[in-house]
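Engineer: Top to bottom, those sequences are chains R and G. When you line the first sequence up against the numbering used here, it's residues 1 to 249, in that order. When you line the second sequence up against the numbering used here, it's residues 250 to 633, in that order.
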Amino acid sequence: MSAAIDVHEMTRRFGNFTAVDAITFDVQRGEVFGFLGANGAGKTTAIKMLIGLLAPTSGRASVAGFDVATNAESVRRHIGYMSQRFSLYEDLTVRENITLYGGIYGLTDDEIRERGKALIGGLHLERAAGARVASLPLGWKQKLAFSVALLHRPAVVFLDEPTGGVDPITRRQFWEIIYDAAEGGTTILVTTHYLDEAEYCDRISIMVDGRIAAMGTPSEVKGRFGAASLDDVFTELVRPQAVAVAQHA
Amino acid sequence: MRVLGFLLRKEFLQIFRDRTILGMLFIMPVIQLLVLANAVTFEVTSVRMAVVDMDHSSMSRGVVTSLAASGRFVPVESSQSQALADGAMLDGSVNMIVVIPEGFARKLETMRRAQVQLIFDAEDGAAAGVMRSYASAILAQYSLDVGAQIFPVVSMRLSPAAERAPVRGRPVLEVRHRGWYNPALDYREYMVPGILVILVTIVGSLLTAMNIVREKEAGTLDQLNVTPITRTTFIAAKLIPLWSIAMVDLMIGLVVARLVFHVPMLGSLLLIFVAATIYLAGALGIGLWISTVVETQQQAMFLIFSLLMVYLLMGGLFTPLRGMPVWAQWAADLNPIAHFVALMRSVLLKGSGVRDVAGHLLALTVIGACVLGIAVRQYHKSSR
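1) Let me see if you follow: with CB-CB separation under 9 Å, is Ala467(G) close to chain R or not?
2) Within 10 angstroms of the Cβ of Val424(G), are there 16 or more other Cβ atoms? Answer buried if so, exposed if not.
3) What distance in whole Å lies between the Cβ atoms of Ile586(G) and Leu561(G), which are believed to be in contact at a cut-off of 8 Å?
4) Would you say Arg270(R) faces chain G, with C-beta separation under 9 Å as the test?
5) Answer yes or no: the CB of Thr108(R) versus the heavy atoms of the ligand FMN, is any distance below 8 Å?
6) Answer yes or no: does any C-beta atom of chain G fall closer than 9 Å to that of Thr18(R)?
7) Using only alpha-carbon positions, find the residue among Ala332(G), Gly336(G), Val313(G) and Ser319(G) that is nearest to Phe353(G).
8) Could you tell me the alpha carbon to alpha carbon distance between Phe483(G) and Leu253(G), rounded to whole angstroms?
9) Count the other C-beta atoms from every protein chain shown that fall within 10 angstroms of the C-beta of Cys201(R), then say buried if there are 16 or more, exposed otherwise.
10) Does DSSP put Pro401(G) in a helix, a strand or coil?
11) Over the uninterrupted alpha helix (DSSP H) stretch that includes Phe353(G), give me the two end residues.
12) What separation, rounded to the nearest whole angstrom, lies between the Cα atoms of Met82(R) and Phe146(R)?
13) Between which two residues does the alpha helix (DSSP H) harbouring Glu96(R) extend?
14) Using 8 Å as the Cβ pair cut-off and three pairs as the minimum, do the stretch 525-544 of chain G and the stretch 608-620 of chain G touch?
15) Using a beta-carbon distance cut-off of less than 7 Å, what residues from the stretch 473-488 of chain G approach chain R?
16) If we cut at 9 Å on Cβ distances, does Leu256(G) have a partner in chain R?
17) May I have the straight-line CA-CA distance separating Arg417(G) from Met550(G), to the nearest angstrom?
18) Of the residues Glu197(R), Leu237(R), Gly65(R) and Tyr105(R), which one's Cα is nearest the Cα of Leu473(G)?
19) Tell me whether Trp140(R) is buried or exposed, calling it buried when 16 or more other Cβ atoms sit within 10 Å of its Cβ.
20) How do the stretch 87-104 of chain R and the stretch 121-134 of chain R stand: do at least 3 beta-carbon pairs fall below 8 Å, yes or no?
21) For Glu326(G), write down the residues that DSSP places opposite it in a beta bridge.
22) Using 8 Å for Cβ pairs, my map puts Ala525(G) next to Val449(G). What's the rounded Cβ distance?
23) With DSSP run on the structure shown, which of helix, strand or coil describes Met345(G)?
24) From the DSSP output, in three-state form, read off Val63(R) for me.
25) Let me know the secondary structure DSSP gives Gln364(G) once reduced to three states.
26) Using 8 Å as the Cβ pair cut-off and three pairs as the minimum, do the stretch 117-124 of chain R and the stretch 146-157 of chain R touch?
27) For a contact defined as C-beta to C-beta under 9 Å, what are the partners of Arg251(G) on chain R?
28) Return no unless some Cβ of chain G is closer than 9 Å to the Cβ of Tyr81(R).
29) Within 10 Å of its beta-carbon, does Gly15(R) have 16 or more other beta-carbons around it, so buried, or fewer, so exposed?
30) Under DSSP, the beta strand (DSSP E) around Tyr179(R) begins and ends at which residues?
31) Looking only at its own chain, which residues have a Cβ that is under 6 Å from the Cβ of Ile494(G), when we skip the five neighbours before and after it?
32) Judging by CA-CA distance, which residue of Val190(R), Leu151(R) and Glu197(R) is the nearest neighbour of Ile169(R)?
33) Just verifying my parser: in three-state terms, what is the DSSP assignment at His426(G)?
34) Mapping DSSP to helix, strand and coil, what is Ala3(R)?
35) Verify the CB distance criterion: does Leu230(R) have a CB-CB separation below 9 Å to chain G?
36) Between the beta-carbon of Val343(G) and the beta-carbon of Val402(G), is there less than 9 Å?
Written out as structure tokens, the structure reads:
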């Protein structure tokens with residue numbers, strides 16, 4: 001089987017602005033791939049193309065073996081997605097959200113019941129199962145949203161800044177869930193602003209200005225830039241652009 | 250379809266948990282119906298009338314009595330001086346002056362014809378027109394009763410300073426008014442079916458647009474768009490609940506119309522509901538279409554109200570279509586509100602059957618199919 005995510009020269013233009021500029025990368029099955037970059041570097045645009053929300057202007061990409069441009073519906077059946085904006089229904093209860101998403105992905109009633117029970121148990125949410133999602137603390141909501149995105153056992157999961165605004169302990173728990181899923185063979189593409197989290201990834205790529213400026217395992221990337229931390233690499237890569245913007249202004 | 254079932258359940262759960270939406274759905278329509286139906290009326294009652302009777306005959310008093318007896322004209326002043334009456338009109342204490350010239354009764358006796366001058370305050374042109382037709386009708390009836398012709402000589406006065414010459418050359422025709430289908434000319438009977446149309450339209454289009462745009466704002470729409478739900482399933486799951494709520498609203502409205510306003514329901518209610526079903530396809534389609542072109546609920550609301558305003562004012566709801574310029578009458582042929590209003594009035598007040606309103610039904614079907622078709626095509630799970 002080919003790579004779980006295979007991207008070749010994928011480009012997206014909005015008028016004259018090139019948000020994503022001919023990026024090429026692949027992610028292997030079961031890998032945790034960190035997708036880094038400053039705000040506006042094109043991460044979210046790239047993810048939107050991979051999950052079929054946005055059509056690429058040129059280039060090609062396949063996810064779980066299906067082309068995103070020509071076979072978006074098959075792609076959608078095999079992926080999970082959790083956006084930076086919290087994406088469960090706040091006015092539905094925990095259990096109602098689970099039932100809804102299970103039903104949407106075509107799980108049987110038995111599957112919904114069993115997996116829902118396991119999910120709620122795994123998150124220790126038994127007492128909150130009948131509560132509306134709006135009443136949960138943010139960290140719980142995020143973990144719940146991630147678990148719901150895994151409910152249909154997708155081949156690939158896209159997490160767009162899943163840990164934004166979450167406390168360090170919850171972040172740690174979040175990464176434990178990510179590792180569990182990856183061990184089960186799920187491929188994970190995650191964007192983040194926390195560079196300590198990037199260290200947890202098998203491989204990372206850093207996007208600058210719509211292009212991939214660096215890619216490899218965290219230690220490879222650090223070695224290539226002779227930097228002690230990913231923080232330094234990130235600053236090194238992003239600063240020239242910041243200076244250029246300042247000169248334009 | 251199983252997925253549709255899950256989505257419908259979600260939509261109904263959400264609707265019945267939102268108190269604001271519930272209020273909008275079930276309480277606002279009733280209140281609006283009660284308030285609007287009483288406020289929107291062209292009827293003119295209790296016209297304050299000054300009488301300048303220079304004849305002092307039983308005939309001249311008969312003219313005044315017949316006007317007053319109609320219940321629409323209330324004599325509030327009586328004087329020998331037209332100047333005094335003019336002053337009363339200027340300060341707004343009367344809306345109408347009746348001048349009966351000296352020798353009125355004698356002329357009626359000898360020549361079988363005489364004139365009465367009617368002066369109306371024409372500041373509100375529409376009201377003046379209504380007063381004038383009431384007065385003419387009453388005088389025509391009185392003419393019959395006395396077996397002679399009474400010519401009303403009518404002046405429409407914008408201000409007492411304007412020229413006072415009576416408008417001539419308006420011979421009395423024997424005008425006999427009889428309001429068919431609405432014999433008492435009850436404007437509420439006429440307005441209530443139209444107001445029901447406004448209500449289902451607002452519920453249908455506004456709530457549809459707001460519902461979808463709210464999911465856009467919350468980010469849950471993107472979440473749904475990355476799932477394998479088909480476009481048809483998604484749209485059906487959005488439209489079916491709002492369609493059924495609009496139908497329930499229509500039912501509530503009809504019950505209020507019947508119990509509170511005693512609006513006659515001569516035609517088939519089944520026909521009304523069939524027409525409403527077709528009409529709502531278009532109304533919901535507009536909501537769906539708007540949800541695809543806006544990003545926020547404010548934008549959705551603004552767009553819906555701008556559109557509705559035009560469609561309502563040009564739909565013959567408040568002003569008769571026959572009074573509009575030709576281009577506007579053509580535009581009304583494409584206006585679903587115009588067809589549905591005409592159909593509702595015709596079925597409820599006249600008892601028209603399917604064959605009588607077939608034209609409206611056909612128009613509603615074509616318009617609804619086009620609007621909904623365009624809206625569905627416009628809706629995409631991904632952006633180009």
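Backbone N, C-alpha and C fix where the C-beta goes; we use that ideal spot for every residue, glycine too. Since this is a predicted model, take the numbers as computed values, not measurements.
Structural biologist: Well, looking at it:
1) Judged by the 9 Å Cβ criterion, Ala467(G) is in contact with chain R.
2) Legend: pLDDT at Val424(G) = 38, less than 50; position of this residue unreliable, no value from coordinates given.
3) About 6 Å separates the two Cβ atoms, so the contact holds.
4) Only positions 1 to 249 of chain R appear in this structure, which leaves residue 270(R) out of reach.
5) Here there are no bound small molecules, and the ligand FMN is not part of this structure.
6) Taking CB atoms only, Thr18(R) has no neighbour in chain G less than 9 Å away.
7) Closest by C-alpha distance to Phe353(G), out of Ala332(G), Gly336(G), Val313(G) and Ser319(G), is Val313(G).
8) Rounded to the nearest whole angstrom, the C-alpha separation of Phe483(G) and Leu253(G) is 8 Å.
9) With 16 or more other Cβ atoms within 10 Å, it is buried.
10) In the three-state scheme derived from DSSP, where H, G and I count as helix and E and B as strand, Pro401(G) is classed as strand.
11) Counting along the chain, the unbroken alpha helix (DSSP H) around Phe353(G) starts and ends at Phe353 to Met360.
12) Rounded to whole angstroms, the separation of the alpha carbons of Phe146(R) and Met82(R) is 6 Å.
13) If you look at Glu96(R), you'll find it in the alpha helix (DSSP H) that goes Val94 to Ile104.
14) For the pair of segments examined, the stretch 525-544 of chain G was found to touch the stretch 608-620 of chain G: the number of CB pairs separated by less than 8 Å reaches three.
15) Going along the stretch 473-488 of chain G in chain order, one finds Asn474, Val475, Thr476, Pro477 and Ile478 with a Cβ nearer than 7 Å to chain R.
16) By the rule that beta-carbons nearer than 9 Å mark a contact, Leu256(G) touches chain R.
17) For Arg417(G), the pLDDT reaches just 43, beneath the cut-off of 50, and the residue's location in the model is therefore unreliable, although a value from the coordinates is still provided. Approximately 52 Å between the Cα atoms of the pair.
18) Selected option, being the one with the closest Cα: Tyr105(R).
19) Note on Trp140(R): 16 or more other CB atoms within 10 angstroms of its CB, so buried under the neighbour-count rule.
20) By the criterion of at least three beta-carbon pairs nearer than 8 Å, the stretch 87-104 of chain R is in contact with the stretch 121-134 of chain R.
21) According to DSSP, which records beta bridges pairwise, Glu326(G) is partnered with Ala299(G).
22) About 6 Å; that satisfies the 8 Å criterion.
23) Per DSSP, reduced to three states, the secondary structure at Met345(G) is strand.
24) Three-state result, Val63(R): strand.
25) When DSSP states are grouped into helix, strand and coil, Gln364(G) belongs to the strand group.
26) Segment contact: the stretch 117-124 of chain R against the stretch 146-157 of chain R, three or more CB-CB distances shorter than 8 Å; contact assigned.
27) Within 9 Å Cβ-Cβ: Gly103 and Gly106.
28) Judged by the 9 Å Cβ criterion, Tyr81(R) is in contact with chain G.
29) Exposed, because fewer than 16 other Cβ atoms sit within 10 Å of the Cβ of Gly15(R).
30) Not the beta strand (DSSP E): Tyr179(R) falls in the alpha helix (DSSP H), residues Pro168 to Glu183.
31) Sequence-distant Cβ neighbours of Ile494(G) in its own chain, meaning closer than 6 Å and more than five residues away, are Leu274.
32) For the set Val190(R), Leu151(R) and Glu197(R), the Cα lying nearest the Cα of Ile169(R) is the one of Glu197(R).
33) Low confidence applies to His426(G): its pLDDT is 41, below 50, so where it sits in the model is not reliable, and the reading given next is rough at best. The three-state reading of DSSP puts His426(G) in coil, since its state is none of H, G, I, E or B.
34) Ala3(R): coil per DSSP, three-state reduction.
35) Taking 9 Å as the threshold, the shortest C-beta distance from Leu230(R) to chain G does not fall below it.
36) No, these two residues do not count as a Cβ contact at 9 Å.
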